[in-house]
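Asks: Okay, here's the structure, questions in a sec.
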Amino acid sequence: MKTTITVLTLLLFLPAVSFSQQRDTAAEIRELREKLERLEKKMADEEAARAKKMEEEKTAIAEKVKTDVMSEVSTKGRSFFGDMISQTKVGAYGSLRYGTSNLADLNNSFTFRRFVLTTDSPIADRLKAYMELEFERFTRLEVEKSLSPALGGLTSQQAIESTNRSEISLEQAWMQYDIADWLNFRAGAILVPLGRFNINHDDNRWDLPRRSLVDRGVPVLPTTSAWPELGAGFRGDFSVGRQGKVSYEWYVMNGVTLDSEIEQISQTRSGDTTKFAQEIELRPSRGTFSDDLKSGKAIATRWAYSPWLGDEIAASFYWGRYTPDFLPNHPVFSFALDGKKTWGPFEIEGQYVNTWWSGVSRVARGFASRALASESEGEVGDVETEIEFELANLATRKQGYWVDFRYRFWPEFLNQTILGRHFSNPQLVGTLRLEQVWFKDLIKEIAFIGGALTDFEGESRLLNRVTLGLTYRPVPLVALQLAYEYTRTNSGKSLAEVTNFLPARAREFFQHALLVGLAFGF
Amino acid sequence: MLKTLTLFLFLFPAFPRSAPCQEGVFLKEEEAPKAVFPEATAFERRVIPSDAKLQETIKQRMNPAKTSFWEPSYITFIAKKGSSIVGYAAIVEETGKHRPITFIVGVGMDGKVKDVALMVYREPYGGEVRDERFLAQYRGKDLKAPLLPYRDIRNITGATLSAEAIGRGTKKALALIEIVHLQDKK
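Structure below.
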């Protein structure tokens, strides 16, 4: 009975215990679920945080790469002048030459043709400046001056030490505002866009060690290249069709003017008096960078069309008054045609220039009336003094051309030699240059007395030159040049009368020359 | 004289307007891949660190052409049209005369240049290398091509160094993309 009661009691209470256990289990499950959910949420949060962190790191890396690249870029673009002009770059080009000639008064010689320092500076977005300072055959210029009381009076002394045919010249100094591809405003000392040589005159761009007659040796340009003028204007280019391109330059500038060059001569002569002479030559020179001597300004423009890459044809002209205000008003007019054509390794490049100096005889008369006497001389004791006025380098018309035929090549076997081993794209360039210049009424003789012209003589002349050259270019900016030149003018006449670089004697009308040149840039 | 000047100034507005000037920023990074893959619908950007091993491999692939390795990393893009890859692009830099030129080179799945586009040009001269007619010469070239002025590239007077730089950079991009992206596909 007792047992029965116990069993019944247990049976009675068991479901209650079981129910209680079930309730506990459910609570535990709920708790576990909540824990799991919290854990999942925590993991999700951590995953999101990790992803966010990764994204931030990725962005930071990308930014760092950008910053690094930019800082590297700016480091690479920095010159030794440091932060002050961190974007300014200093460069240079130069050339030297060794030459021999058959002319009696021209010794074989090394010549440091020029060393030109260049700087370019992007001042701000779309605003830049460029400068070229030339040292031509220049080594030294030294001036000593003193002013002191002596011998009961005052003594002023001046000594100038310099080197022969030296020149320091500002070839370019301009600022440009880029408005658009087709419209850039440029102002300052600008290269005159007449023909293609003057605007591309860097020695290391050319394969022959002497500049052309048209641009330099005569010149047919109103004055010698490199020819800058002070002025302002526009330049730019725009596309024509898929392949074509038109580029232009258009400037207003001070322009070429007749300016004086004074030559002093001190001469002792056997069996004669000692001579002190001053020769004042009025010749066409680049315009002043100071107050202009004339009221009129000059204009120059060049328009080039390139139908496709490598080929170009261009027309240009220059017009402006060339006489100072004290002489009759006359303009000089030049026009030029130039171009380049490429067929694979063959190139033809050339330029024709025609310059017309108007009113030369009238200018000569005006000059006579101002200068009064072409020659004045006097003698005191053993010293003779002479002053001479001349009008030089003028002709009614000068016209001429140069044309270069080039062939670029590189024999593969040279890659194994010292000529090719260290360079990625060395080249040999064979060049044939043909040149001719015609002079009409080139002033030969001018004499005046009492303000009146007594003698005015001009002559027509012809000048020819053929040059054959071979150039080795280890890199584009360096050229080692070898050339043979044959120059000839009218038989029996002097080359000195028609060139500005050959000291030929009276009847030396031809020259054979062998030239070795080195041109470089950096 | 005054008449000429006035006439000239009045004529200018009639000229065609075109993009900005010789030097400057022509393409931003985000615009660059589209310039060489206009047909692509999406670009995946990848930054490839330039370590010694990668540089050595690029050098071997480019040989005998030489290049500079001063980029700390290369920004590359995978160009996709829909779900398929149409090519790869890499941003590279090479120094012209004095300053670096930044440009993007697009390379097709065949390992040949799809197109080249200039992003930043800093030199005062030689900006003509940005012209379509110059850059079109690089299309279809592969790593074996010399990519040199007067060899297989028509030069621009006064821009020889820039033309050489673009050739070097293009070869660098071709080698980089071949190593990083195309090698696995072969």
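Chains as they are written, first to last, in my numbering: chain A, 102 to 623; chain B, 527 to 712. Just so you know, even glycine gets a beta-carbon here, dropped at the ideal spot from N, CA and C.
#1: Compute the Euclidean distance between the alpha carbons of A/Y194 and A/N305, then round it to the nearest angstrom.
#2: For B/A615, decide whether its Cβ has a neighbour in chain A, counting only Cβ atoms nearer than 8 Å.
#3: List the residues of chain B whose Cβ lies closer than 7 Å to the Cβ of A/Q344, in chain order.
#4: What residue range does the beta strand (DSSP E) around A/K499 cover?
#5: Among A/S561, A/G622, A/L207, which has the Cα closest to the Cα of A/S592?
#6: Rounded to the nearest angstrom, what separates A/R297 and A/F335 at their Cα positions?
#7: Examine chain A for any beta-carbon lying closer than 8 Å to the beta-carbon of B/A701, and answer yes or no.
#8: From B/V573 to B/I601, what does the alpha carbon distance come to, in whole angstroms?
#9: State buried or exposed for B/A616, treating a residue as buried only when at least 16 other CB atoms are found within 10 Å of its CB.
#10: If you draw a straight line from the C-alpha of A/S348 to the C-alpha of A/K441, how long is it?
#11: I'd like to know if the segment 668–675 of chain B and the segment 564–573 of chain B are in contact, where contact means that at least 3 CB-CB pairs between them fall below 8 Å.
#12: State the Cα-Cα distance for the pair A/T590 and A/A251, rounded to the nearest angstrom.
#13: Name the chain A residues that come within less than 8 Å of B/G550, Cβ to Cβ?
#14: Excluding the five sequence neighbours on either side, which residues of its own chain have a C-beta within less than 6 Å of the C-beta of A/Y352, listed in chain order?
#15: With a 10 Å radius around its C-beta and 16 neighbouring C-beta atoms as the bar for buried, classify B/I682 as buried or exposed.
#16: Where does the unbroken alpha helix (DSSP H) through A/F468 begin, and where does it stop?
#17: Measuring CB atoms only, is the segment 202–211 of chain A touching the segment 596–613 of chain A, in the sense that at least three cross pairs come out at less than 8 Å?
#18: Less than 8 Å between CB atoms is the rule here; does A/M185 satisfy it with respect to chain B?
#19: Would A/L359 count as contacting chain B if we go by Cβ distances under 8 Å?
#20: Restricting to Cα atoms, I'd like to know which of B/P590, B/E557, B/I611 is closest to B/K698.
#21: Can you have a look at B/A701 and say buried or exposed, based on whether 16 or more other CB atoms are within 10 angstroms of its CB?
#22: Using CA coordinates, which residue listed in A/I449, A/R509, A/N208 is at the minimum distance from A/I414?
#23: List, in chain order, every chain B residue whose beta-carbon is nearer than 8 Å to that of A/Q528.
#24: Three or more beta-carbon pairs under 8 Å between the segment 313–322 of chain A and the segment 448–464 of chain A, yes or no?
#25: For A/V347, write down the residues that DSSP places opposite it in a beta bridge.
#26: Can you list, in chain order, the residues of its chain with a C-beta nearer than 7 Å to that of A/R606? Leave out the 5 residues immediately preceding and following it.
#27: Answer yes or no: does any C-beta atom of chain A fall closer than 8 Å to that of B/E557?
#28: Using the beta-carbon count (16 or more within 10 Å), is A/L603 buried or exposed?
#29: For A/K395, go through chain B and note every residue whose CB falls closer than 9 Å to its CB, in chain order.
#30: Is there a Cβ of chain A sitting closer than 8 Å to that of B/E690, yes or no?
#31: Can you tell me the Cα-Cα spacing of A/E330 and A/V433, whole angstroms?
#32: Contact defined as beta carbons within less than 8 Å: I believe A/L583 pairs with A/L571. What is the distance between those atoms, to the nearest angstrom?
#33: Going by the beta-carbon positions, is the gap between B/F552 and B/L644 smaller than 8 Å?
#34: Keeping to the same chain, check which residues put their C-beta closer than 6 Å to that of A/L495; ignore five residues upstream and five downstream.
#35: Is DSSP giving B/P559 helix, strand or coil here?
#36: How would you list, in chain order, the residues of chain A whose beta-carbon sits under 8 Å from the beta-carbon of B/P650?
Replies: This is what the structure holds:
#1: For the purposes of this step, residue 194 of chain A is identified with residue 93 of the first sequence, where counting begins at 1. For the purposes of this step, residue 305 of chain A is identified with residue 204 of the first sequence, where counting begins at 1. Distance between the alpha carbons of A/Y194 and A/N305 is about 7 Å.
#2: For the purposes of this step, residue 615 of chain B is taken as residue 89 along the second sequence, with counting starting at 1. Chain A contact via Cβ: absent.
#3: In the first sequence, the residue the question calls residue 344 of chain A occupies position 243. Here the neighbours are R659.
#4: Position 398 of the first sequence, counted from the start, is the residue given in the question as residue 499 of chain A. Per DSSP, A/K499 belongs to the beta strand (DSSP E) from 496–510.
#5: Taking the first sequence and counting its residues from 1, the one referred to as residue 592 of chain A is at position 491. It is A/S561.
#6: Position 196 of the first sequence, counting from 1, holds the residue named residue 297 of chain A. Position 234 of the first sequence, counting from 1, holds the residue named residue 335 of chain A. So the two alpha carbons sit approximately 17 Å from each other.
#7: For the purposes of this step, residue 701 of chain B is taken as the residue at position 175 of the second sequence. Not an interface residue.
#8: Position 47 of the second sequence, counting from 1, holds the residue named residue 573 of chain B. Position 75 of the second sequence, counting from 1, holds the residue named residue 601 of chain B. Their Cα atoms are separated by approximately 5 Å.
#9: Here the question's residue 616 of chain B lines up with position 90 in the second sequence. Buried is the call here.
#10: Translated into positions along the first sequence, residue 348 of chain A becomes position 247. Translated into positions along the first sequence, residue 441 of chain A becomes position 340. Cα to Cα, A/S348 sits roughly 15 Å from A/K441.
#11: no
#12: For the purposes of this step, residue 590 of chain A is identified with residue 489 of the first sequence, where counting begins at 1. For the purposes of this step, residue 251 of chain A is identified with residue 150 of the first sequence, where counting begins at 1. C-alpha separation (whole angstroms): 56 Å.
#13: Indexing the second sequence from 1 puts residue 550 of chain B at position 24. Chain A residues near B/G550: D226, R227, D279.
#14: For the purposes of this step, residue 352 of chain A is taken as the residue at position 251 of the first sequence. Excluding residues within five positions, the ones whose Cβ falls inside 6 Å are I291, G332, G334, A401.
#15: Position 156 of the second sequence, counted from the first residue, corresponds to residue 682 of chain B. Result: buried.
#16: The residue given as residue 468 of chain A occupies position 367 in the first sequence. First-last of the alpha helix (DSSP H) with A/F468: 461–472.
#17: yes
#18: In the first sequence, the residue the question calls residue 185 of chain A occupies position 84. Since pLDDT at A/M185 reaches only 39, below the 50 mark, its modelled position is unreliable, and the value read off the structure follows with that caveat. So no, A/M185 is outside the interface.
#19: Along the first sequence, one-based indexing puts residue 359 of chain A at 258. Judged by the 8 Å Cβ criterion, A/L359 is not in contact with chain B.
#20: Here residue 698 of chain B is taken as the residue at index 172 of the second sequence, counted from 1. With distances taken between Cα atoms, B/K698 lies closest to B/P590.
#21: Residue mapping note: residue 701 of chain B aligns to position 175 of the second sequence, counting from 1. With 16 or more other Cβ atoms within 10 Å, it is buried.
#22: Locating residue 414 of chain A in the first sequence gives position 313, where the first residue counts as 1. Of the listed residues, the one whose Cα sits closest to A/I414 is A/I449.
#23: For the purposes of this step, residue 528 of chain A is taken as the residue at position 427 of the first sequence. Chain B residues near A/Q528: Y676.
#24: yes
#25: Numbered from 1 along the first sequence, position 246 holds the residue referred to as residue 347 of chain A. Bridge partners of A/V347: A/F339, A/Y406.
#26: Locating residue 606 of chain A in the first sequence gives position 505, where the first residue counts as 1. Around A/R606: A205, D206, S595.
#27: The residue you call residue 557 of chain B lines up with position 31 of the second sequence. Not closer than 8 Å to any Cβ of chain A, the Cβ of B/E557 fails to qualify, so no.
#28: Here residue 603 of chain A refers to the residue found at position 502 of the first sequence. A/L603 comes out buried.
#29: Translated into positions along the first sequence, residue 395 of chain A becomes position 294. By Cβ distance, chain B contributes nothing, its closest Cβ being about 13 Å from A/K395, past 9 Å.
#30: Numbered from its first residue, the second sequence carries residue 690 of chain B at position 164. It does: the Cβ of B/E690 has a partner Cβ on chain A nearer than 8 Å.
#31: Translated into the one-based positions of the first sequence, residue 330 of chain A becomes position 229. Translated into the one-based positions of the first sequence, residue 433 of chain A becomes position 332. Distance between the alpha carbons of A/E330 and A/V433: 15 Å.
#32: Position 482 of the first sequence, counted from the start, is the residue given in the question as residue 583 of chain A. Position 470 of the first sequence, counted from the start, is the residue given in the question as residue 571 of chain A. Yes, A/L583 and A/L571 are in contact; Cβ-Cβ is about 5 Å, under 8 Å.
#33: Position 26 of the second sequence, counted from the first residue, corresponds to residue 552 of chain B. Position 118 of the second sequence, counted from the first residue, corresponds to residue 644 of chain B. Yes, the pair counts as a contact, with Cβ atoms nearer than the cut-off.
#34: Counted from its first residue, the first sequence places residue 495 of chain A at position 394. Here the set comprises W458, V461, I544.
#35: Position 33 of the second sequence, counted from the first residue, corresponds to residue 559 of chain B. In this structure, B/P559 counts as helix in the three-state DSSP scheme.
#36: Translated into positions along the second sequence, residue 650 of chain B becomes position 124. The answer, in chain order, is D221, P223, K229, Y231.
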